[in-house]
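Visitor:
Protein chains in written order, with the UniProt record's numbering: chain A, 1 to 324; chain B, 1 to 324; chain C, 1 to 324; chain D, 1 to 324.
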């Protein structure tokens with residue numbers, strides 16, 4: 001039937017499930033994903049595996065939290081899996097509720113289920129409000145709550161969960177906004193196979209991962225100079241072990257701007273020449289839509305004029321310096 | 001009785017327990033800790049809390065793993081807790097065994113307990129050897145094994161654990177050396193209250209944590225130059241979120257050399273002048289005992305001569321440049 | 001007699017004579033030199049030789065011209081003669097007149113005496129006003145005029161000279177302000193033996209000459225970084241050949257600030273450690289009296305606080321970071 | 001007649017005359033100049049004027065002396081005259097003889113003619129051998145000798161001259177090799193109109209003159225980094241006043257390598273983007289024929305590979321990293 005055919009999803013998106021996670025909230029921000037197939041997975045590896053294998057068109061993964069820092073497993077996956085591209089960035093305000101099966105009260109709570117990261121972020125509140133609790137680690141924020149149903153009602157068991165959990169489970173909210181940092185934000189990226197580059201918007205990020213040459217003092221400094229000497233600001237620099245031996249690192253970098261911006265392209269050339277192993281992860285619109293800030297001297301026109309000038313010097317053709 | 005008095009422990013050391021952890025193996029490398037009181041704790045926070053409160057003289061904590069990178073919780077604790085000092089560094093080769101309660105065989109295994117970090121490090125082996133297993137996260141490597149005894153024997157339950165586990169629990173080893181990276185190493189540090197600096201040995205490290213000035217392009221570059229311009233090599237640079245908002249970082253740095261080395265002291269002065277918030281974490285002997293390598297032009301004598309020269313210029317006293 | 005004793009000169013100043021030179025005009029700007037003995041010399045070498053030998057207390061020498069650049073012979077003398085100190089800086093606006101013995105008119109002129117530097121600075125005017133003249137080089141601006149009296153009146157002979165020349169010689173001015181650049185300025189320095197440093201005024205310069213280490217790529221960059229990393233601006237950088245072989249240079253540097261400014265002292269320490277041969281030429285008030293501009297982060301207080309902090313780390317004494 | 005036609009000069013070369021100068025010795029090193037028309041001029045301005053006006057095909061000019069440094073007038077002319085190109089570099093060992101008209105002996109000498117630069121270079125020898133001489137400045141090294149013939153024989157007059165002088169004038173050599181520095185060398189360049197670039201030889205120099213942006217601290221550092229970050233060594237850096245006011249400089253730079261070397265071309269692009277006014281003076285074979293030394297990481301292949309990689313990232317075409 002034509003109606004059904006019209007509404008059949010054309011694209012599939014993988015995300016860390018089950019329903020109700022912060023990752024789902026990030027995916028809900030993607031206009032193109034509305035009405036498409038959403039596929040829940042258990043971890044970052046599965047999500048990216050879906051993309052690589054073609055089971056999904058894109059995967060939403062958490063990449064950094066304002067309190068806990070970079071998500072190592074996601075960074076390492078992007079560094080080692082076959083060629084992938086980040087095509088979008090999304091921010092989700094992170095706050096937690098303490099939930100329990102109906103009938104439980106806060107003063108009865110003795111055991112708290114929680115993903116270790118979430119637990120760490122609520123620790124101060126818990127130590128004050130539930131002084132003598134025990135912690136049972138869970139594999140995800142939603143699993144912490146779901147585990148409450150694993151067995152017959154266990155009085156005194158509660159879970160740390162995202163606020164959206166009550167839309168999916170029959171739970172009572174014992175307390176809201178229990179995170180120690182009220183401004184906690186998680187940054188997510190939408191990852192796809194290489195294909196058409198997202199168009200430059202003037203408010204873009206470029207992500208890459210680069211290894212340093214071995215045994216060269218000041219190598220990191222030299223890597224950073226590839227950006228600074230082209231007026232390209234870096235918003236993220238994280239080191240991750242290469243893994244083969246202690247003391248060998250690769251660096252995860254987010255730079256302001258798009259690969260189609262001349263200054264960014266030139267910086268990437270510099271990184272490529274310098275680094276024994278560099279991986280371009282994509283250029284994509286920034287979540288905050290703040291226009292990239294850069295000095296006029298690094299504008300596209302300046303790069304283009306310099307190339308024209310050099311070409312004329314080499315060919316011997318006449319050249320008039322344009323008005324600046 | 002004098003004998004008893006002689007053997008009464010004078011010092012207490014906190015470490016992540018229970019007995020059998022890699023942390024215990026690190027503590028066993030400390031000659032001064034032999035025969036002293038060893039106190040098990042549940043996490044890094046407790047370990048450092050013991051030191052701050054005076055319950056322990058020192059705490060052994062994991063700070064970096066060659067596969068997983070920096071231990072964020074330890075780095076963040078050192079950045080935010082009251083003044084502490086690293087006084088020693090120790091390396092432990094990390095390898096895992098798969099254990100189960102006696103009578104279980106490998107082909108029966110369907111559930112694997114494991115600390116998330118250990119589980120990640122054994123994932124390839126597990127996927128090959130135990131294809132359809134479920135994972136239950138544990139709070140420590142030893143707890144993974146200890147949890148096997150929580151309830152009546154559950155057939156098919158196994159745990160990832162350190163090799164030393166069999167000295168403490170009645171368990172069968174189903175497989176040895178199941179880590180995906182055979183060279184995995186964890187780096188531990190011994191942390192104490194500020195007091196007497198460990199003496200320079202010529203093979204030292206200096207650790208610090210520094211924030212960058214806000215809104216200054218190239219600030220990280222400038223931080224790194226404080227070291228490079230004094231010929232001081234950095235063996236570690238990790239960024240950690242300050243936590244108040246996305247995009248604000250502090251940097252964890254290990255530099256070669258001792259605060260009593262002139263070039264290191266001068267670099268620290270530079271960092272102090274530059275950084276709005278810098279924390280000295282200590283100068284201590286390197287675990288690998290490899291002598292610090294530096295160019296002669298950054299030797300103590302060069303720094304001292306320059307000061308003598310400058311003083312003579314200012315006072316007007318005669319000055320003869322020494323032979324170089 | 002007491003009156004005579006009171007007015008007897010206490011100090012002697014050497015300068016490039018004879019009376020009427022720009023150098024004399026520079027010396028006239030020195031309050032302390034008024035009423036003292038002024039000693040004319042034939043060149044920079046004699047002037048500095050007087051100081052070294054004790055025949056003079058100070059010598060005024062030209063060091064840079066806004067059109068012709070650094071005065072090489074003065075720079076080389078300061079680089080190679082025994083220890084001397086610049087104690088003051090003076091600017092003289094340079095303009096020239098064309099003079100001849102009385103009775104000569106401009107259209108009769110066929111030969112122009114002139115110091116080569118002055119001649120070069122008046123070349124355009126001369127080529128237009130006296131198209132077919134011949135040039136006879138003179139050893140100084142005043143000598144050019146004085147030479148007109150060497151022999152019986154030679155019709156058609158004129159000289160380029162400073163405006164003050166008519167106070168000393170019976171000459172007609174054929175044209176005024178004949179220099180091609182109306183803003184030409186010559187910078188002079190007053191040079192003395194090492195002794196008491198001029199006090200800091202907040203508007204000071206520090207001069208030095210440094211050689212680069214041989215065979216080290218990027219050595220000049222490293223020299224400049226000694227200043228930039230301490231927020232010290234350089235107003236002059238000139239290279240001069242060491243003289244022993246082509247391609248070996250020393251660098252003449254003027255830096256903003258006084259050796260008693262912490263940031264300047266620290267930069268000098270850095271230069272001393274870096275350079276195989278560095279010579280401090282003095283800290284002295286700037287001729288233009290423009291206060292030194294520097295970022296607050298390089299203020300004396302910041303340097304002093306950092307030292308206090310470091311000292312406390314080493315001694316183990318308690319330390320409270322002051323309010324910033 | 002065909003023979004005459006065959007030998008008619010096709011090209012004209014201007015040089016500082018008269019015959020016998022060091023400049024002539026430099027021109028004699030140019031194979032292409034043999035048998036061509038040589039045109040003597042009085043100074044650098046005339047020499048370059050001949051080229052610009054088309055009267056000459058090229059001009060040989062002195063650009064640097066190992067004792068006296070850069071030849072300011074030549075540097076300033078190249079910075080301000082219409083577009084010119086250096087097409088070759090030549091070295092001449094500089095040594096001087098003391099000459100006089102036949103019959104004069106050394107102990108009779110009381111007056112010494114000499115170009116000021118030559119006089120300065122022979123000063124120590126003269127002060128020792130002719131203690132009480134007077135100096136008469138001459139406009140060139142050869143003119144110093146030629147002036148001896150201006151008037152009837154003047155006993156006691158001698159001149160400093162190049163050794164070749166005796167081939168052109170009837171003079172007695174009173175002393176040889178009287179220069180204070182026995183290794184003094186003058187560097188000459190052959191200057192032509194823009195046209196075909198000299199082909200790269202692997203032992204090349206590239207010369208340019210660049211102004212710094214005003215009011216930007218660290219601008220010189222940034223200029224130098226354009227070279228250092230591409231592994232391009234600089235053999236010369238000289239500052240010259242722009243001339244409009246004290247404290248504004250342009251920089252004369254000789255860089256190792258040819259504009260057709262990728263690393264040099266990229267450095268020139270960087271300089272062009274950075275500098276408000278940059279002038280390319282040419283790429284040409286080094287006089288010493290020493291092959292340019294650079295790290296493999298800055299080879300042409302590395303630059304080309306990086307561009308191929310970037311292009312593939314942008315177009316989305318597949319790309320295989322070549323073996324390194």
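Note that CB positions come from ideal geometry on N, CA and C, so glycine has one too.
Note that the structure is predicted; figures quoted are calculated from it, not measured.
Compute the Euclidean distance between the alpha carbons of residue 191 of chain B and residue 299 of chain C, then round it to the nearest angstrom.
Guide: Approximately 35 Å between the Cα atoms of the pair.
Visitor: Check whether the stretch 214-224 of chain D and the stretch 29-41 of chain D touch, using three or more Cβ-Cβ pairs below 8 Å as the test.
Guide: The stretch 214-224 of chain D, when compared against the stretch 29-41 of chain D, does not touch it at the 8 Å Cβ threshold.
Visitor: Quick one: Cα of residue 1 of chain D to Cα of residue 9 of chain D, how far?
Guide: Because residue 1 of chain D sits at a pLDDT of 41, beneath the cut-off of 50, its placement in the model cannot be relied upon, and the following sentence gives the value as read from the coordinates. Going from the Cα of residue 1 of chain D to the Cα of residue 9 of chain D covers about 14 Å.
Visitor: Any C-beta of chain A sitting closer than 9 Å to the C-beta of residue 68 of chain B?
Guide: Interface residue, yes.
Visitor: When burial is assigned at 16 or more other CB atoms within 10 Å of the CB, is residue 165 of chain B buried or exposed?
Guide: By the neighbour-count rule (16 or more Cβ atoms within 10 Å), residue 165 of chain B is buried.
Visitor: Assuming residue 33 of chain B and residue 13 of chain B make a contact with CB atoms under 8 Å, what is their CB distance in whole Å?
Guide: That pair is a contact at about 5 Å.
Visitor: What three-state label does DSSP hand residue 159 of chain A in the structure shown?
Guide: It is a strand residue.
Visitor: By the 10 Å Cβ neighbour count, where 16 or more other Cβ atoms means buried, how is residue 280 of chain A classified, buried or exposed?
Guide: With 16 or more Cβ atoms within 10 Å of its Cβ, residue 280 of chain A is classed as buried.
Visitor: In angstroms with no decimal places, state the Cα-to-Cα distance between residue 315 of chain B and residue 304 of chain D.
Guide: Cα to Cα, residue 315 of chain B sits roughly 58 Å from residue 304 of chain D.
Visitor: Residue 235 of chain C touches chain D at which residues, Cβ-Cβ below 8 Å?
Guide: Simply 247.
Visitor: Would you kindly work out how many angstroms separate the C-alpha atoms of residue 265 of chain D and residue 301 of chain D, rounded to a whole number?
Guide: Cα-Cα distance, rounded: 14 Å.
Visitor: I'd like to confirm the pairing. Which residues does DSSP put opposite residue 99 of chain A in its beta bridges?
Guide: Partner(s): A:159, A:173.
Visitor: With a threshold of 9 Å between beta-carbons, can residue 73 of chain C be considered close to chain D, or not?
Guide: It does; some Cβ of chain D falls within 9 Å.
Visitor: Name, in chain order, the residues that DSSP records as bridge partners for residue 405 of chain B.
Guide: Residue numbering for chain B in the displayed model covers 1 to 324; residue 405 of chain B lies beyond these limits and cannot be assessed.
Visitor: Per DSSP, which residues does residue 64 of chain B bridge with? Please list them.
Guide: The partner list for residue 64 of chain B (beta bridge, DSSP) reads B:70, B:187.
Visitor: Please compile the residues from chain B whose C-beta is within a distance smaller than 7 Å of the C-beta of residue 335 of chain C.
Guide: Residue 335 of chain C is absent from the model: chain C starts at 1 and stops at 324.
Visitor: If you reduce the DSSP assignment to three classes, tell me which class residue 384 of chain B lands in.
Guide: Absent from the structure is residue 384 of chain B, since the part of chain B shown begins at 1 and ends at 324.
Visitor: Output yes if chain B places a C-beta closer than 9 Å to the C-beta of residue 185 of chain A; else output no.
Guide: Judged by the 9 Å Cβ criterion, residue 185 of chain A is in contact with chain B.
Visitor: Which of helix, strand or coil does DSSP assign to residue 43 of chain C?
Guide: If DSSP states are grouped into helix, strand and coil, residue 43 of chain C belongs with coil.
Visitor: Are the C-beta of residue 48 of chain B and some C-beta of chain A separated by less than 9 Å?
Guide: It does not: the Cβ of residue 48 of chain B has no partner Cβ on chain A nearer than 9 Å.
Visitor: Does residue 244 of chain D get closer than 9 Å to chain C when you measure Cβ to Cβ?
Guide: Yes, because at least one Cβ of chain C sits closer than 9 Å to the Cβ of residue 244 of chain D.
Visitor: With DSSP as the reference, label residue 232 of chain D as helix, strand or coil.
Guide: Coil, per DSSP.
Visitor: Which class does residue 137 of chain D belong to by DSSP, given the choice of helix, strand or coil?
Guide: Residue 137 of chain D falls in the strand class under three-state DSSP.
Visitor: Mapping the DSSP letters down to three states, classify residue 321 of chain D as helix, strand or coil.
Guide: Residue 321 of chain D falls in the coil class under three-state DSSP.
Visitor: Starting from residue 90 of chain A, trace the beta strand (DSSP E) in both directions and tell me its first and last residue.
Guide: 85-93 is the extent of the beta strand (DSSP E) around residue 90 of chain A.
Visitor: Check residue 18 of chain D in the structure and name its three-state DSSP category.
Guide: DSSP places residue 18 of chain D in coil when its eight states are reduced to three.
Visitor: Please work out which residues of its chain come closer than 6 Å, Cβ to Cβ, to residue 135 of chain B, disregarding the five sequence neighbours upstream and downstream, and give them in chain order.
Guide: Correct list, in chain order: 112, 119.
Visitor: Any C-beta of chain C sitting closer than 9 Å to the C-beta of residue 16 of chain B?
Guide: No, residue 16 of chain B does not count as interfacial toward chain C.
Visitor: Is it buried or exposed for residue 24 of chain D, if we count other Cβ within 10 angstroms and need 16 for buried?
Guide: When all chains shown are included, residue 24 of chain D counts as buried.
Visitor: Identify the contact partners of residue 179 of chain A in chain B, using a Cβ-Cβ distance below 8 Å as the criterion.
Guide: Within chain B, no residue comes near residue 179 of chain A; the closest Cβ sits about 11 Å away, beyond 8 Å.
Visitor: To the nearest angstrom, how far is it from the Cα of residue 132 of chain D to the Cα of residue 123 of chain D?
Guide: The alpha-carbon atoms of residue 132 of chain D and residue 123 of chain D are separated by roughly 12 Å.
Visitor: Can you confirm whether the stretch 280-289 of chain B touches the stretch 250-268 of chain C when touching is taken to mean that 3 or more C-beta pairs between the two stretches lie within less than 8 Å?
Guide: No contact exists between the stretch 250-268 of chain C and the stretch 280-289 of chain B.
Visitor: Closest Cβ-Cβ distance between residue 217 of chain B and chain A: below 9 Å?
Guide: Judged by the 9 Å Cβ criterion, residue 217 of chain B is in contact with chain A.
Visitor: May I have the straight-line CA-CA distance separating residue 89 of chain C from residue 47 of chain C, to the nearest angstrom?
Guide: The straight-line gap from Cα to Cα measures roughly 16 Å.
Visitor: Identify the contact partners of residue 225 of chain A in chain B, using a Cβ-Cβ distance below 8 Å as the criterion.
Guide: Correct list: 221.
Visitor: Using a Cβ-Cβ cut-off of 9 Å, state whether residue 284 of chain D counts as contacting chain A.
Guide: So no, residue 284 of chain D is outside the interface.
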